[in-house]
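Q: Going by my numbering, the first residue of the sequence shown is number 11, and it counts up by one from there. Just so you know, even glycine gets a beta-carbon here, dropped at the ideal spot from N, CA and C. Nothing here was measured: the structure is a model prediction, and the numbers come from that model.
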Amino acid sequence: MIKLLTFDLDNTLWSVDPIIARAENAMMEWIYKNQPELRFKVTTVQFEQYKDKLSTEQPHISHDLTQLRLTTLRKVLEGHVAGDVNSIVAKAYEVFQRERNIVQYFPYVLETLEELAEQFPLIALSNGNADVHKVGIGHLFKHHFSAASVGFAKPHPAMFQHALAAAKVAAHETIHIGDHPVQDIQAAKDIGMKTIWVNWMSQAWPLACKPDAVVNNFEDLPDAISSLTHQLETS
Ligand SMILES: [Mg+2]
């Protein structure tokens with residue numbers, strides 16, 4: 011019997027790359043507007059390169075995208091700004107975070123989540139730093155765990171285990187729904203959860219282990235969940 015659904019967020023409920031690009035542009039615009047002398051000294055590309063470098067050099071913060079971005083901002087801006095670098099970093103990050111939480115849902119995502127939330131508790135499990143409340147779906151989720159709040163990013167089992175503990179259900183009573191073959195499907199499968207791969211781009215499945223079901227859109231998700239539930243009950 012299925013008692014819990016866990017959902018990935020980025021690239022499962024919305025496409026994340028356009029959001030990050032828009033949020034970074036808005037943040038850089040704010041920096042240039044408020045620190046015009048930085049216009050020719052600090053670029054978005056530089057910022058990205060530094061973030062990648064920092065992520066490799068400081069793996070202990072690489073799972074915490076907020077911390078990574080704040081540290082990058084501080085390092086890139088240090089020595090260039092006249093005033094208090096921390097206050098500029100905080101304000102620039104606020105601009106990023108506000109834009110980060112303006113998402114465009116894939117078709118039928120909201121309707122489907124509303125329908126599913128009436129039948130199951132839903133828990134969000136994300137490596138990213140979107141805020142379920144700010145993106146307008148907080149009321150549908152019982153809990154939201156992120157890599158930053160748990161201290162480990164998927165595919166590490168910690169986030170899945172937090173969800174199971176919070177809902178007081180066993181792994182085999184849970185379906186995890188996500189887009190990433192390794193971070194979502196393989197990781198959830200490894201701890202004994204059932205899995206549904208959300209394959210918006212109709213890609214070929216790349217791994218040896220298989221998801222329990224695959225959907226190419228959210229309209230098909232309730233049926234996929236029902237037939238998986240039925241299969242489990244009759245097996
Ligand atoms: Mg994802």
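Scan the region 129-211 and note each continuous beta strand (DSSP E) run of 3 residues or more that stays entirely inside, going in chain order.
A: 132-136, 153-156, 184-188, 204-208
Q: At the level of alpha carbons, what is the spacing between residue 135 and residue 37?
A: 26 Å
Q: Give me every residue whose Cβ sits closer than 6 Å to any heavy atom of ligand 1, in chain order.
A: Every residue whose Cβ sits closer than 6 Å to any heavy atom of ligand 1 is listed here in chain order: 18, 20, 21, 22, 188, 189, 190.
Q: Within the continuous beta strand (DSSP E) that includes residue 16, where are the two ends?
A: 14-17
Q: Under 8 Å: do the region 147-167 and the region 57-74 share three or more Cβ pairs, one atom per stretch?
A: yes
Q: Straight-line CA distance for residue 224 to residue 210?
A: 10 Å
Q: Under the DSSP definition of a beta bridge, which residues are partnered with residue 224?
A: 207
Q: In the DSSP assignment, the alpha helix (DSSP H) including residue 82 goes from what residue to what residue?
A: 75-87
Q: Enumerate in chain order the residues of its own chain whose CB-to-CB distance from residue 201 is below 6 Å, with the five nearest sequence positions on each side excluded.
A: 167, 170, 181
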